[in-house]
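Using full-length UniProt numbering, the first residue of the sequence shown is number 1, and each one after it goes up by one.
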Amino acid sequence: KRRTCPETLSSKIEADSEYKNLFNFSTPVLLRGEHFNNQTWKSLQEYKPPYGWRNLSYSDIRSTLESLNDPANGQLFDRKGKDACISCAVVGNGGILNGSKQGKEIDSHNFVFRVNGAIIKGFEEDVGRKTSFYGFTTNTMKNSLIGYEVWGFTKVPQSEEIQYIFIPSGIRDYVMLRSAIQGIKVPSGHDKGDDTRPWLYFGHNTPSRKFKLLHPSFVRYVKDSFLELLLIGSRFGNGTLRSSATTLKLGSLKCSREVAAYGFITDNYKKFSDHYYEDKKQPLVFYANHDMLLELKLWKSLDTRGIINLYQR
1 KRRTCPETLS SKIEADSEYK NLFNFSTPVL LRGEHFNNQT WKSLQEYKPP YGWRNLSYSD
61 IRSTLESLND PANGQLFDRK GKDACISCAV VGNGGILNGS KQGKEIDSHN FVFRVNGAII
121 KGFEEDVGRK TSFYGFTTNT MKNSLIGYEV WGFTKVPQSE EIQYIFIPSG IRDYVMLRSA
181 IQGIKVPSGH DKGDDTRPWL YFGHNTPSRK FKLLHPSFVR YVKDSFLELL LIGSRFGNGT
241 LRSSATTLKL GSLKCSREVA AYGFITDNYK KFSDHYYEDK KQPLVFYANH DMLLELKLWK
301 SLDTRGIINL YQR
C-alpha cells in the first residue's frame with residue numbers, strides 16, 4: 001500500500017551538515033547496456049575492479065552490457081509511484097537476529113535485500129520470509145553455497161519476485177552475469193572448469209530484467225566518500241567498506257525513502273554469536289580486509305542522524 005512520506009531520505013541528508021556533501025544522488029547505482037561507450041570504457045580503465053575495468057577484457061565487458069538491454073536493468077525499483085514511500089530492509093546474518101522475532105517487521109517492508117548465505121528456513125520468525133533482491137559476487141555466492149550448506153543454504157534464493165544484484169569484483173562476475181542472461185554454461189575464465197550452469201543458481205529462463213549490475217563508479221563512490229569521513233581512528237590504515245551488504249545498503253539509501261538494517265554489527269556485538277543460525281555462540285571474526293569496526297561507526301552515525309534505522313537490542 002502506497003503512502004506519502006513526511007520526509008524523504010534526500011531531504012534528511014541535505015539538512016545534515018556532515019553527510020550532505022558526502023551523498024551524491026547523481027552517481028548511478030546500476031550499470032546497463034546504454035551506458036557502454038568509448039568514454040565510459042576509458043574512464044573506468046583508470047581503476048582496478050571493483051572500482052573500474054583496468055586489465056579486464058573489452059569484449060567480455062561489452063558483450064555483458066549488451067545483454068543488459070532492458071530498461072529494468074537500470075532501475076532498482078519500479079518507479080511508477082514516485083510519490084510512494086518505498087521502504088527497504090537490508091538483512092545481514094549477524095547473531096543479533098537470533099531470537100529477535102523481527103521476521104514480521106522485516107517482511108512488512110516493500111523490498112527486502114539479502115546477501116550471500118541468506119538462510120531463512122527455520123529462522124523465519126527472526127529473519128522473515130521475503131526476499132526481493134539477492135546481492136553477491138560470484139565468489140561470495142559460491143563460497144556461501146559451500147560454507148553454509150551445513151546450516152541449510154543449499155541454493156540461491158529463487159522465485160518470480162526475486163531480482164539478482166551482481167557486485168562486479170572481477171571479470172568472473174561479468175562472465176557469469178552474461179551466461180546467466182543467455183542461459184548458457186560459463187564459457188571461459190575461473191568458473192569454466194567446474195562446468196558451471198548458471199540456471200542452477202538463478203533458475204531456468206530467468207528474464208534479463210531480473211538481473212542488475214552495480215556500477216563500478218558507485219562502488220568507488222562508496223569507498224571514497226565514506227572512508228574519507230570515517231577512516232580516522234580505524235583499526236586498519238587501509239580500512240575498507242567493501243562488503244556486499246554495505247554496498248547494497250548505501251545503494252538502497254539512494255533509491256528509496258526509508259531504509260532499515262537488520263543483522264549488522266552493533267556496540268554490544270560481544271553479546272551475540274557471529275551468525276544468527278549457529279547452534280553454539282561463536283565470537284565475531286574480524287578480517288584485515290573488512291573493517292567491521294569502521295562499519296559499526298558508519299551505521300551508528302547514520303542511525304543517530306535518522307538516515308537509517310539500525311536494529312539494536
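Glycine residues also receive a C-beta, built at the ideal position from the N, C-alpha and C atoms.
Starting from residue i and walking both ways along the alpha helix (DSSP H), at which residues does that stretch end?
i, result
"residue 270", "No alpha helix (DSSP H) contains residue 270, which DSSP labels as neither H nor E."
"residue 146", "138 to 147"
"residue 202", "198 to 202"
"residue 118", "Premise fails: residue 118 is in no alpha helix (DSSP H) and is neither H nor E."
"residue 10", "9 to 14"
"residue 294", "292 to 304"
Per DSSP, what kind of secondary structure is residue i in: helix, strand or coil?
i, result
"residue 51", "coil"
"residue 111", "strand"
"residue 101", "coil"
"residue 38", "helix"
"residue 284", "coil"
"residue 76", "coil"
"residue 133", "strand"
"residue 20", "coil"
"residue 30", "strand"
"residue 253", "helix"
"residue 123", "coil"
"residue 43", "helix"
"residue 57", "coil"
"residue 224", "helix"
Mind checking who residue i pairs with in its DSSP beta bridge?
i, result
"residue 88", "111, 259"
"residue 25", "DSSP output for residue 25 lists no bridge partner at all."
"residue 94", "275"
"residue 316", "Any answer about residue 316 is impossible in this case: the structure gives the chain only from 1 up to 313."
"residue 212", "165"
"residue 310", "261"
Quick check on the burial criterion: 16 or more other C-beta atoms within 10 angstroms. Buried or exposed for residue i?
i, result
"residue 146", "exposed"
"residue 25", "exposed"
"residue 279", "exposed"
"residue 50", "buried"
"residue 275", "buried"
"residue 281", "exposed"
"residue 222", "buried"
I want to check one thing, is the minimum distance from the CB of residue i to the heavy atoms of the ligand MG below 7 angstroms?
i, result
"residue 76", "Here there are no bound small molecules, and the ligand MG is not part of this structure."
_Quick check on the DSSP output: what are the complete beta strand (DSSP E) runs of length 3 or more inside the segment 151 to 210, in order along the chain?_
163 to 166
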